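Numbering (the working numbering), first residue to last: 1125 to 1492.
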(Lines of atoms letter the chains of each structure in order from A and count residues from 1; the text may use other names and numbers.)
(Lines give C-alpha, C1' and ligand atoms only; values in the text may rest on other atoms or scores of the structure.)
Protein backbone atom coordinates (compact mmCIF):
# COMPACT_ATOMS: atom_id res chain seq x y z
CA UNK A 1 0.00 0.00 0.00
CA UNK A 2 1.29 3.43 -0.85
CA UNK A 3 2.16 5.69 2.07
CA UNK A 4 -0.28 8.31 0.94
CA UNK A 5 -3.11 5.86 0.42
CA UNK A 6 -6.19 6.56 2.48
CA UNK A 7 -7.86 3.65 4.20
CA UNK A 8 -11.61 3.75 3.66
CA UNK A 9 -14.09 2.65 6.32
CA UNK A 10 -16.93 0.47 5.09
CA UNK A 11 -19.90 2.08 6.82
CA UNK A 12 -22.99 3.97 5.87
CA UNK A 13 -23.58 7.17 7.85
CA UNK A 14 -26.68 7.00 10.09
CA UNK A 15 -29.27 9.51 9.01
CA UNK A 16 -30.97 11.46 11.74
CA UNK A 17 -34.49 10.26 12.24
CA UNK A 18 -36.91 13.01 11.34
CA UNK A 19 -39.24 13.89 14.17
CA UNK A 20 -42.89 13.97 13.22
CA UNK A 21 -44.42 17.42 13.63
CA UNK A 22 -46.51 17.94 16.75
CA UNK A 23 -50.22 17.39 16.08
CA UNK A 24 -52.55 20.37 15.87
CA UNK A 25 -55.73 20.68 17.93
CA UNK A 26 -58.52 23.19 17.26
CA UNK A 27 -61.23 24.62 19.52
CA UNK A 28 -63.97 27.17 18.91
CA UNK A 29 -65.98 28.88 21.64
CA UNK A 30 -69.03 30.55 20.10
CA UNK A 31 -70.61 32.75 22.71
CA UNK A 32 -73.44 35.25 22.82
CA UNK A 33 -71.05 38.10 22.10
CA UNK A 34 -68.00 36.69 20.32
CA UNK A 35 -66.53 33.87 18.28
CA UNK A 36 -63.09 32.65 19.39
CA UNK A 37 -60.79 30.07 17.81
CA UNK A 38 -57.51 28.63 19.06
CA UNK A 39 -55.17 26.13 17.40
CA UNK A 40 -52.43 24.60 19.52
CA UNK A 41 -49.94 21.76 19.77
CA UNK A 42 -49.28 19.75 22.96
CA UNK A 43 -46.23 20.22 25.16
CA UNK A 44 -45.08 17.94 28.01
CA UNK A 45 -47.09 19.90 30.56
CA UNK A 46 -49.64 21.95 28.61
CA UNK A 47 -49.86 23.31 25.06
CA UNK A 48 -48.30 25.81 22.68
CA UNK A 49 -50.64 28.17 20.84
CA UNK A 50 -49.86 28.48 17.13
CA UNK A 51 -52.89 30.50 16.02
CA UNK A 52 -55.85 32.40 17.45
CA UNK A 53 -58.78 34.28 15.96
CA UNK A 54 -61.51 36.29 17.63
CA UNK A 55 -64.40 38.36 16.35
CA UNK A 56 -67.21 40.16 18.14
CA UNK A 57 -70.35 38.94 16.37
CA UNK A 58 -73.10 39.59 18.95
CA UNK A 59 -74.89 36.40 17.99
CA UNK A 60 -77.32 36.92 20.86
CA UNK A 61 -78.24 40.47 19.89
CA UNK A 62 -81.94 41.03 20.58
CA UNK A 63 -82.51 37.51 21.89
CA UNK A 64 -84.11 38.85 25.07
CA UNK A 65 -87.03 40.13 22.97
CA UNK A 66 -88.25 36.93 21.29
CA UNK A 67 -85.76 34.17 22.12
CA UNK A 68 -84.62 34.00 18.50
CA UNK A 69 -81.33 34.62 16.73
CA UNK A 70 -81.76 37.48 14.25
CA UNK A 71 -80.89 36.98 10.59
CA UNK A 72 -78.29 39.75 10.76
CA UNK A 73 -76.62 38.19 13.82
CA UNK A 74 -76.56 34.77 12.17
CA UNK A 75 -75.00 36.20 9.00
CA UNK A 76 -72.29 37.98 11.00
CA UNK A 77 -71.51 34.84 12.93
CA UNK A 78 -71.45 32.55 9.90
CA UNK A 79 -69.01 34.96 8.24
CA UNK A 80 -66.71 34.73 11.27
CA UNK A 81 -66.97 30.94 11.33
CA UNK A 82 -66.00 30.83 7.65
CA UNK A 83 -62.80 32.63 8.60
CA UNK A 84 -62.29 30.06 11.37
CA UNK A 85 -62.69 27.23 8.87
CA UNK A 86 -60.11 28.84 6.59
CA UNK A 87 -57.61 29.19 9.44
CA UNK A 88 -58.21 25.58 10.53
CA UNK A 89 -57.62 24.36 6.98
CA UNK A 90 -54.24 26.12 6.98
CA UNK A 91 -53.15 23.87 9.83
CA UNK A 92 -54.54 20.58 8.54
CA UNK A 93 -54.37 17.82 9.45
CA UNK A 94 -56.05 18.48 12.79
CA UNK A 95 -55.61 15.66 15.30
CA UNK A 96 -58.78 16.52 17.17
CA UNK A 97 -61.24 19.40 17.29
CA UNK A 98 -64.25 20.60 19.22
CA UNK A 99 -66.53 23.50 18.35
CA UNK A 100 -69.06 24.56 20.98
CA UNK A 101 -71.82 27.15 21.30
CA UNK A 102 -73.20 28.37 24.60
CA UNK A 103 -75.98 30.52 26.09
CA UNK A 104 -77.40 32.19 22.96
CA UNK A 105 -77.86 28.88 21.17
CA UNK A 106 -79.22 27.19 24.29
CA UNK A 107 -81.88 29.88 24.48
CA UNK A 108 -82.76 30.41 20.82
CA UNK A 109 -85.87 28.76 19.38
CA UNK A 110 -84.28 28.77 15.93
CA UNK A 111 -81.00 27.26 17.09
CA UNK A 112 -81.34 24.15 14.88
CA UNK A 113 -81.77 26.33 11.80
CA UNK A 114 -78.60 28.23 12.72
CA UNK A 115 -76.60 25.05 13.35
CA UNK A 116 -77.59 23.73 9.92
CA UNK A 117 -76.64 27.04 8.30
CA UNK A 118 -73.21 26.90 9.95
CA UNK A 119 -72.67 23.31 8.84
CA UNK A 120 -73.70 24.05 5.26
CA UNK A 121 -71.95 27.39 4.74
CA UNK A 122 -68.89 27.14 7.02
CA UNK A 123 -68.39 23.39 7.21
CA UNK A 124 -68.37 23.45 11.01
CA UNK A 125 -70.37 21.11 13.24
CA UNK A 126 -71.44 23.06 16.30
CA UNK A 127 -72.09 21.34 19.62
CA UNK A 128 -74.55 23.12 21.93
CA UNK A 129 -73.26 22.54 25.45
CA UNK A 130 -75.08 22.79 28.77
CA UNK A 131 -74.30 25.42 31.39
CA UNK A 132 -72.78 22.62 33.50
CA UNK A 133 -70.35 21.65 30.75
CA UNK A 134 -69.59 25.32 30.10
CA UNK A 135 -68.69 25.73 33.78
CA UNK A 136 -66.49 22.63 33.75
CA UNK A 137 -64.55 23.71 30.67
CA UNK A 138 -63.92 27.18 32.13
CA UNK A 139 -62.54 25.59 35.30
CA UNK A 140 -60.30 23.18 33.39
CA UNK A 141 -58.96 26.06 31.33
CA UNK A 142 -58.12 28.09 34.45
CA UNK A 143 -56.48 25.34 36.54
CA UNK A 144 -52.96 26.38 35.42
CA UNK A 145 -53.45 29.68 37.29
CA UNK A 146 -54.25 28.03 40.62
CA UNK A 147 -51.71 28.71 43.37
CA UNK A 148 -49.98 25.44 44.23
CA UNK A 149 -50.54 26.06 47.93
CA UNK A 150 -54.30 26.31 47.45
CA UNK A 151 -56.54 23.37 46.59
CA UNK A 152 -59.88 25.10 45.93
CA UNK A 153 -60.90 27.78 43.48
CA UNK A 154 -63.99 29.80 42.67
CA UNK A 155 -64.07 30.54 38.94
CA UNK A 156 -66.52 33.08 37.54
CA UNK A 157 -67.02 33.28 33.79
CA UNK A 158 -69.06 36.31 32.68
CA UNK A 159 -70.41 35.52 29.25
CA UNK A 160 -72.66 37.42 26.89
CA UNK A 161 -75.86 35.56 27.73
CA UNK A 162 -75.10 33.81 31.02
CA UNK A 163 -72.67 33.88 33.91
CA UNK A 164 -71.22 30.67 35.34
CA UNK A 165 -69.75 30.54 38.84
CA UNK A 166 -68.04 27.28 39.77
CA UNK A 167 -66.43 25.93 42.93
CA UNK A 168 -63.73 23.34 42.28
CA UNK A 169 -60.90 21.61 44.08
CA UNK A 170 -57.79 19.66 43.21
CA UNK A 171 -57.88 16.13 44.63
CA UNK A 172 -54.94 14.33 46.23
CA UNK A 173 -54.39 12.52 42.93
CA UNK A 174 -54.14 15.83 41.07
CA UNK A 175 -57.50 15.67 39.34
CA UNK A 176 -59.94 18.57 39.10
CA UNK A 177 -63.28 18.01 40.84
CA UNK A 178 -66.24 20.38 40.44
CA UNK A 179 -67.94 20.68 43.83
CA UNK A 180 -70.82 22.77 42.53
CA UNK A 181 -71.80 25.62 40.25
CA UNK A 182 -74.51 28.19 39.67
CA UNK A 183 -75.50 29.60 36.29
CA UNK A 184 -76.97 33.09 36.24
CA UNK A 185 -79.38 33.49 33.29
CA UNK A 186 -77.83 36.74 32.09
CA UNK A 187 -74.53 38.13 30.85
CA UNK A 188 -73.10 41.36 29.52
CA UNK A 189 -75.08 41.38 26.26
CA UNK A 190 -78.48 40.62 27.77
CA UNK A 191 -77.88 43.10 30.59
CA UNK A 192 -76.70 45.89 28.28
CA UNK A 193 -79.77 45.40 26.08
CA UNK A 194 -82.14 45.39 29.06
CA UNK A 195 -80.44 48.51 30.44
CA UNK A 196 -79.05 50.45 27.45
CA UNK A 197 -75.87 52.38 28.19
CA UNK A 198 -77.63 55.72 28.15
CA UNK A 199 -80.14 54.40 30.69
CA UNK A 200 -77.68 52.59 32.99
CA UNK A 201 -78.64 54.63 36.02
CA UNK A 202 -77.38 54.00 39.52
CA UNK A 203 -80.72 52.35 40.26
CA UNK A 204 -80.38 49.97 37.29
CA UNK A 205 -76.78 49.16 38.22
CA UNK A 206 -77.77 48.41 41.81
CA UNK A 207 -80.69 46.28 40.61
CA UNK A 208 -78.23 43.99 38.82
CA UNK A 209 -76.14 43.71 41.99
CA UNK A 210 -79.16 42.87 44.16
CA UNK A 211 -80.47 40.28 41.71
CA UNK A 212 -77.09 38.60 41.40
CA UNK A 213 -76.52 38.43 45.14
CA UNK A 214 -79.97 36.97 45.77
CA UNK A 215 -79.12 34.13 43.36
CA UNK A 216 -75.83 33.42 45.15
CA UNK A 217 -77.20 32.89 48.66
CA UNK A 218 -78.16 29.22 48.35
CA UNK A 219 -74.93 28.39 46.50
CA UNK A 220 -72.87 30.11 49.19
CA UNK A 221 -74.65 28.42 52.10
CA UNK A 222 -74.49 24.94 50.57
CA UNK A 223 -70.70 25.01 50.16
CA UNK A 224 -69.76 27.47 52.94
CA UNK A 225 -67.91 29.56 50.36
CA UNK A 226 -67.67 32.78 52.37
CA UNK A 227 -65.85 30.99 55.20
CA UNK A 228 -63.48 29.30 52.76
CA UNK A 229 -62.61 32.64 51.18
CA UNK A 230 -62.21 34.25 54.60
CA UNK A 231 -59.77 31.49 55.58
CA UNK A 232 -57.85 32.01 52.31
CA UNK A 233 -58.60 28.42 51.30
CA UNK A 234 -60.30 29.41 48.03
CA UNK A 235 -58.65 31.32 45.19
CA UNK A 236 -60.91 33.61 43.13
CA UNK A 237 -60.30 33.47 39.38
CA UNK A 238 -62.22 35.61 36.89
CA UNK A 239 -62.39 34.87 33.18
CA UNK A 240 -64.21 37.17 30.78
CA UNK A 241 -63.74 40.23 28.63
CA UNK A 242 -64.70 42.45 31.54
CA UNK A 243 -62.15 40.87 33.87
CA UNK A 244 -59.32 41.23 31.37
CA UNK A 245 -60.33 44.85 30.74
CA UNK A 246 -60.08 45.46 34.48
CA UNK A 247 -56.60 43.96 34.41
CA UNK A 248 -55.49 46.13 31.49
CA UNK A 249 -56.90 49.33 33.00
CA UNK A 250 -55.33 48.46 36.35
CA UNK A 251 -51.92 48.14 34.66
CA UNK A 252 -52.46 51.35 32.64
CA UNK A 253 -51.56 49.54 29.43
CA UNK A 254 -51.38 51.68 26.25
CA UNK A 255 -53.18 48.83 24.47
CA UNK A 256 -54.36 45.38 25.48
CA UNK A 257 -51.57 42.84 25.99
CA UNK A 258 -52.59 39.31 26.87
CA UNK A 259 -49.20 38.23 28.20
CA UNK A 260 -49.19 41.19 30.60
CA UNK A 261 -52.72 40.59 31.87
CA UNK A 262 -53.19 36.82 32.06
CA UNK A 263 -52.48 35.54 35.56
CA UNK A 264 -52.08 38.85 37.41
CA UNK A 265 -53.73 39.36 40.80
CA UNK A 266 -55.67 42.50 41.69
CA UNK A 267 -56.46 43.34 45.31
CA UNK A 268 -60.04 43.96 46.38
CA UNK A 269 -59.51 47.71 46.95
CA UNK A 270 -57.84 48.03 43.55
CA UNK A 271 -60.71 46.20 41.85
CA UNK A 272 -63.06 48.76 43.40
CA UNK A 273 -60.87 51.64 42.20
CA UNK A 274 -60.72 50.32 38.64
CA UNK A 275 -64.48 49.75 38.49
CA UNK A 276 -65.13 53.29 39.73
CA UNK A 277 -62.67 54.67 37.17
CA UNK A 278 -64.43 52.81 34.34
CA UNK A 279 -67.83 54.07 35.49
CA UNK A 280 -66.68 57.65 36.04
CA UNK A 281 -65.05 58.21 32.62
CA UNK A 282 -68.48 57.77 31.04
CA UNK A 283 -69.47 56.18 27.75
CA UNK A 284 -67.36 58.55 25.66
CA UNK A 285 -64.29 57.92 27.80
CA UNK A 286 -64.76 54.16 27.59
CA UNK A 287 -65.16 54.31 23.83
CA UNK A 288 -61.87 56.20 23.51
CA UNK A 289 -60.00 54.01 25.99
CA UNK A 290 -57.47 51.82 24.12
CA UNK A 291 -58.30 48.75 26.23
CA UNK A 292 -62.09 49.12 26.02
CA UNK A 293 -63.22 50.78 22.80
CA UNK A 294 -66.66 51.34 21.25
CA UNK A 295 -67.56 47.66 20.92
CA UNK A 296 -67.09 46.97 24.64
CA UNK A 297 -68.18 50.21 26.30
CA UNK A 298 -71.69 49.15 27.31
CA UNK A 299 -70.68 45.51 27.87
CA UNK A 300 -67.94 46.50 30.30
CA UNK A 301 -70.34 48.42 32.53
CA UNK A 302 -72.69 45.42 32.64
CA UNK A 303 -69.77 43.16 33.54
CA UNK A 304 -68.60 45.55 36.24
CA UNK A 305 -72.01 45.26 37.92
CA UNK A 306 -71.63 41.47 38.11
CA UNK A 307 -68.06 41.68 39.43
CA UNK A 308 -69.09 44.24 42.04
CA UNK A 309 -71.89 41.87 43.07
CA UNK A 310 -69.34 39.16 43.83
CA UNK A 311 -66.86 41.49 45.52
CA UNK A 312 -69.47 42.83 47.95
CA UNK A 313 -71.22 39.50 48.54
CA UNK A 314 -68.09 37.53 49.47
CA UNK A 315 -65.03 38.67 51.50
CA UNK A 316 -62.78 38.65 48.44
CA UNK A 317 -59.34 40.11 49.10
CA UNK A 318 -58.07 39.65 45.52
CA UNK A 319 -58.94 38.14 42.17
CA UNK A 320 -56.74 36.41 39.62
CA UNK A 321 -57.30 37.63 36.06
CA UNK A 322 -57.58 34.86 33.46
CA UNK A 323 -57.37 35.50 29.73
CA UNK A 324 -58.29 31.87 29.16
CA UNK A 325 -61.29 29.65 29.75
CA UNK A 326 -63.55 27.44 27.65
CA UNK A 327 -61.28 27.16 24.59
CA UNK A 328 -58.29 26.26 26.71
CA UNK A 329 -60.40 23.78 28.67
CA UNK A 330 -61.34 22.03 25.43
CA UNK A 331 -57.71 21.86 24.34
CA UNK A 332 -56.56 20.34 27.61
CA UNK A 333 -59.45 17.86 27.53
CA UNK A 334 -58.68 16.70 24.00
CA UNK A 335 -54.94 16.43 24.52
CA UNK A 336 -55.36 14.53 27.77
CA UNK A 337 -57.80 12.16 26.07
CA UNK A 338 -55.33 11.45 23.28
CA UNK A 339 -52.57 10.79 25.80
CA UNK A 340 -54.80 8.40 27.69
CA UNK A 341 -55.49 6.51 24.48
CA UNK A 342 -51.78 6.19 23.74
CA UNK A 343 -51.10 5.15 27.31
CA UNK A 344 -53.70 2.38 27.10
CA UNK A 345 -51.99 1.03 23.99
CA UNK A 346 -48.57 1.19 25.65
CA UNK A 347 -49.23 0.48 29.35
CA UNK A 348 -45.55 0.55 30.31
CA UNK A 349 -45.24 4.20 29.40
CA UNK A 350 -46.24 6.71 32.03
CA UNK A 351 -48.94 9.19 31.16
CA UNK A 352 -48.40 12.78 32.23
CA UNK A 353 -51.51 14.77 32.97
CA UNK A 354 -52.08 18.22 31.57
CA UNK A 355 -52.72 20.28 34.65
CA UNK A 356 -50.93 23.41 35.72
CA UNK A 357 -48.68 23.95 32.72
CA UNK A 358 -47.87 27.16 30.92
CA UNK A 359 -49.65 28.78 28.02
CA UNK A 360 -47.31 29.76 25.21
CA UNK A 361 -48.49 31.95 22.36
CA UNK A 362 -47.32 32.50 18.80
CA UNK A 363 -49.61 34.08 16.23
CA UNK A 364 -52.93 35.83 16.33
CA UNK A 365 -55.55 36.60 13.72
CA UNK A 366 -57.34 39.82 14.60
CA UNK A 367 -60.98 39.79 13.70
CA UNK A 368 -61.93 43.09 15.26
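Note that CB positions come from ideal geometry on N, CA and C, so glycine has one too. Here the structure is a predicted model, which means the values were calculated and not measured.
Neighbour-count burial assignment, residue 1386, 16 or more Cβ in a 10 Å radius: buried
Touching by the beta-carbon criterion (3+ pairs, under 8 Å), the region 1420–1433 and the region 1300–1307: no
Residue 1284 vs residue 1157 beta-carbon contact at 7 Å: yes
Complete alpha helix (DSSP H) runs within the region 1244–1318 (minimum length 4 residues, chain order): 1255–1266, 1312–1318
Same chain, Cβ closer than 7 Å to residue 1328, five either side skipped, listed in chain order: 1319
DSSP-derived helix/strand/coil call for residue 1159: strand
Residues of its chain near residue 1154, where Cβ-Cβ distance is below 6 Å and the 5 sequence neighbours each way are ignored: 1225
Minimum length 3: unbroken beta strand (DSSP E) runs contained in the region 1162–1205: 1171–1180
Start-to-end residues for the beta strand (DSSP E) that takes in residue 1391: 1389–1391
Assigned exposure category for residue 1384 - 16 Cβ within 10 Å defines buried: exposed
Same chain, Cβ closer than 7 Å to residue 1194, neighbours up to 5 away in sequence not counted: 1185, 1186
Buried or exposed (CB count within 10 angstroms, at least 16 for buried), residue 1490: Bear in mind that the predicted position of residue 1490 carries a pLDDT of just 49, short of 50, making it too unreliable to give a figure here.
Residue burial classification, residue 1268 (beta-carbon count within 10 angstroms, cutoff 16): buried
Sequence-distant residues of the same chain with beta carbon closer than 7 Å to residue 1418, five excluded per side: 1411
Residue 1457 classed as buried or exposed, judged by whether at least 16 other C-beta atoms fall within 10 angstroms: buried
Short Cβ contact (7 Å threshold) for residue 1192 with residue 1249: no
contact_flag[the region 1333–1344, the region 1240–1248] where n(CB pairs < 8 Å) is 3 or more: no
Local conformation of residue 1448 per DSSP, three classes: coil
Option in 1347, 1280, 1264, 1274 with minimal Cα separation from residue 1368: 1280
For residue 1151 and residue 1393, the rounded distance between their alpha carbons: 36 Å
Range covered by the beta strand (DSSP E) that runs through residue 1146: First-last for residue 1146: undefined, no H or E at that position.
8 Å Cβ shell around residue 1302 - same chain, five flanking residues per side excluded: 1259, 1260, 1263, 1290, 1291, 1292
Sequence ranges, beta strand (DSSP E) only - wholly within the region 1366–1427, length at least 3: 1389–1391
Straight-line gap, residue 1203 to residue 1219 (C-alpha atoms, nearest Å): 25 Å
Closest residue to residue 1363 among 1459, 1228, 1438, 1311 (Cα-Cα distance): 1311
Under the three-state DSSP convention, the category residue 1359 falls into: strand
Assigned exposure category for residue 1170 - 16 Cβ within 10 Å defines buried: buried
Candidates 1183, 1208, 1210: closest to residue 1197 by CA position: 1183
Pairwise C-alpha distance: residue 1265 and residue 1111: Lying before the first or after the last residue shown, residue 1111 is absent from the chain, which here runs from 1125 to 1492.
Nearest-angstrom beta carbon gap, residue 1445 and residue 1388 [assumed within contact, 8 Å]: 5 Å
Buried versus exposed, by CB contacts within 10 Å (16 or more), residue 1274: exposed
Alpha carbon of residue 1483 to alpha carbon of residue 1173, nearest angstrom: Only weak support is given to the placement of residue 1483: the predicted model assigns it a pLDDT of 49, under 50, and the question is left unresolved by the model.
For residue 1221, the three-state DSSP class (helix, strand or coil): strand
Where residue 1212 falls: helix, strand or coil (DSSP): helix
Rounded separation between residue 1288 and residue 1190 - CA only: 23 Å
Neighbourhood of residue 1380 by C-beta distance below 6 Å, restricted to the same chain and skipping five residues each side: 1372, 1415
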